[in-house]
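Numbering (this note's numbering), first residue to last: -13 to 269.
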């Protein structure tokens, strides 16, 4: 079937041919209980993350570079994926966390038709989404966890392969922010939307714009501000990305968060930039 799931709509006939996302067949690099998501997502025993290979966005600084370029990983079947859902649930995962799932939405939906866990499902995305694909994913998604990476065409053109990132990401996040917010009696998130933004060096202005956009979303939308940028990936020709952000840059964005009067916010410690948080890939 020709793939038009992401905004590139490259029409690749996977698995026989690789698409703009570099993906052919269903492929993952790791699954495990991950303790470093936002508190109500990782919660008690950890988020049951499944890291999918390939990505149409191709950010030059991607911390999951080997995955996004599809240079490592293991081919699995839809039945294998359903079995992974069950294994993670039985191991105590607080949710099933689909990391970078966009180009596999059909296979993921088929896996859920085989086995649907009784725990929430997290759709963990770069934000570069078509509304039609999100409508398909909404049938199995309880928690939306999108990145809001770039607000301008200039920033997207410099740091990823999709200059039109914001043209799709902003309406996509507006769609995801409509998900009702629900927690259980212990504080674990059952439903809702958390919008993430990673502050990049020399990009505090972009981050402020992201904060101001989030302020236009429903008031119960969560915002997660991240300081964890660590130089990684193919950044040799981009000088500013060869350092972490400064405290001054981060404080400027924190000021914007306060000025926007956002109610539901997660703030990462400035010292969070550390390559130790990048997973070691199993496959």
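All C-beta atoms in this analysis are idealised placements derived from N, C-alpha and C, irrespective of residue type, glycine included. Keep in mind that this is a model prediction, so the values were computed, not measured.
Determine the direct distance from the alpha carbon of residue 171 to that of residue 268, and round the result to whole angstroms.
Cα-Cα distance, rounded: 35 angstroms.
Which same chain residues end up closer than 6 angstroms to residue 163 when comparing Cβ atoms and leaving out the 5 residues on each side of it in sequence?
Taken in chain order, the residues that qualify are 179, 203, 204 and 207.
Using the three-state DSSP reduction, which class does residue 198 fall into: helix, strand or coil?
DSSP, reduced to helix, strand and coil, places residue 198 within a helical segment of the structure shown.
Quick one: what does DSSP say residue 240 is sitting in, helix, strand or coil?
In the three-state reduction of the DSSP assignment, residue 240 falls in the helix class.
State the DSSP-derived secondary structure class of residue 167, mapped to helix, strand or coil.
Look at residue 167 here: in three-state DSSP terms it is coil, with no helix or strand label.
Can you give me the start and stop residues for the beta strand (DSSP E) that residue 272 sits inside?
The displayed coordinates of the chain run from -13 to 269. Any statement about residue 272 would go beyond what the structure contains.
Ignoring anything shorter than 4 residues or poking outside the stretch 171 to 238, list the alpha helix (DSSP H) runs there in chain order.
Runs of the alpha helix (DSSP H) inside the stretch 171 to 238: 190 to 200.
To the nearest angstrom, how far is it from the Cα of residue 101 to the Cα of residue 70?
So the two alpha carbons sit approximately 10 angstroms from each other.
Just tell me which of 185, -13 and 87 has its CA closest to the CA of residue 211.
Here the closest residue by C-alpha is 185.
Residue environment, residue 234, which counts as buried when at least 16 other CB atoms sit within 10 Å:
Taking all protein chains shown into account, residue 234 has fewer than 16 neighbouring C-beta atoms within 10 Å of its C-beta and is therefore exposed.
Counting Cβ pairs, one atom from each stretch, are 3 or more of them under 8 angstroms apart for the stretch 26 to 36 and the stretch 151 to 159?
With fewer than three CB-CB distances shorter than 8 angstroms, the stretch 26 to 36 does not count as touching the stretch 151 to 159.
Tell me residue 252's beta-bridge partners as DSSP assigns them.
BP columns for residue 252 point to 210.
Got a sec? Which residues, its chain only, sit under 8 angstroms from residue 251 by beta carbon, not counting five neighbours each side?
Within the same chain, 208, 209, 210, 211 and 243 come within 8 angstroms of residue 251 by CB-CB distance, once the 5 residues on both sides are set aside.
Taking the beta strand (DSSP E) that residue 27 falls in, what are its first and last residues?
Residue 27 -> not in any beta strand (DSSP E); alpha helix (DSSP H) instead, spanning 25 to 28.
What runs of the beta strand (DSSP E), each 3 residues or longer, lie entirely inside the stretch 17 to 79?
Listed in chain order, they are 33 to 38.
Would you check if there are 3 or more beta carbon pairs closer than 8 angstroms linking the stretch 137 to 154 to the stretch 188 to 195?
Taking a contact to require three or more Cβ pairs closer than 8 angstroms, the stretch 137 to 154 and the stretch 188 to 195 qualify as touching.
Out of 222, 149 and 60, which one is the CA nearest neighbour of residue -7?
That would be 149, whose Cα lies nearest to the Cα of residue -7.
By DSSP's criteria, residue 111 is part of a beta bridge. Which residues make up the other side?
Residue pairing by DSSP places residue 111 opposite 132 in a beta bridge.
Is residue 74 near residue 12, with beta carbons less than 9 angstroms apart?
Contact flag unset, no.
Alpha carbon to alpha carbon, what distance is there between residue 167 and residue 128?
Just so you know, the alpha carbons of residue 128 and residue 167 end up roughly 10 angstroms apart.
For residue 9, which of 41, 36 and 93 has the nearest alpha-carbon?
If you compare the alpha carbons of 41, 36 and 93 with that of residue 9, the shortest gap goes to 41.
Look at the alpha carbon of residue 59 and the alpha carbon of residue 90, and state the distance between them as a whole number of angstroms.
Note on geometry: alpha-carbon atoms of residue 59 and residue 90 lie some 15 angstroms from one another.
Count the other CB atoms within 10 Å of the CB of residue 63; is the residue buried (16 or more) or exposed (fewer)?
By the neighbour-count rule (16 or more Cβ atoms within 10 Å), residue 63 is not buried but exposed.
Under DSSP, the beta strand (DSSP E) around residue 84 begins and ends at which residues?
82 to 85 is the extent of the beta strand (DSSP E) around residue 84.
Backbone CA spacing between residue 48 and residue 116 [nearest angstrom]:
Those two C-alpha atoms are separated by around 21 angstroms.
Can you list, in chain order, the residues of its chain with a C-beta nearer than 6 angstroms to that of residue 97? Leave out the 5 residues immediately preceding and following it.
If we look at residue 97 and ignore the five residues flanking it on each side, its Cβ neighbours are 64, 67 and 68.
Which class does residue -12 belong to by DSSP, given the choice of helix, strand or coil?
Residue -12 sits in a strand when the DSSP states are folded into three classes.
Separation of residue 229 from residue 216, as counted between CA atoms
Between residue 216 and residue 229, the C-alpha separation is close to 7 angstroms.
Quick check: what's the CA-CA separation for residue 38 versus residue 146?
Answer to the nearest angstrom: the Cα atoms are 19 angstroms apart.
Reducing DSSP to helix, strand and coil, say where residue 270 ends up.
One cannot answer for residue 270 here, as it falls past the ends of the chain, which runs -13 to 269.
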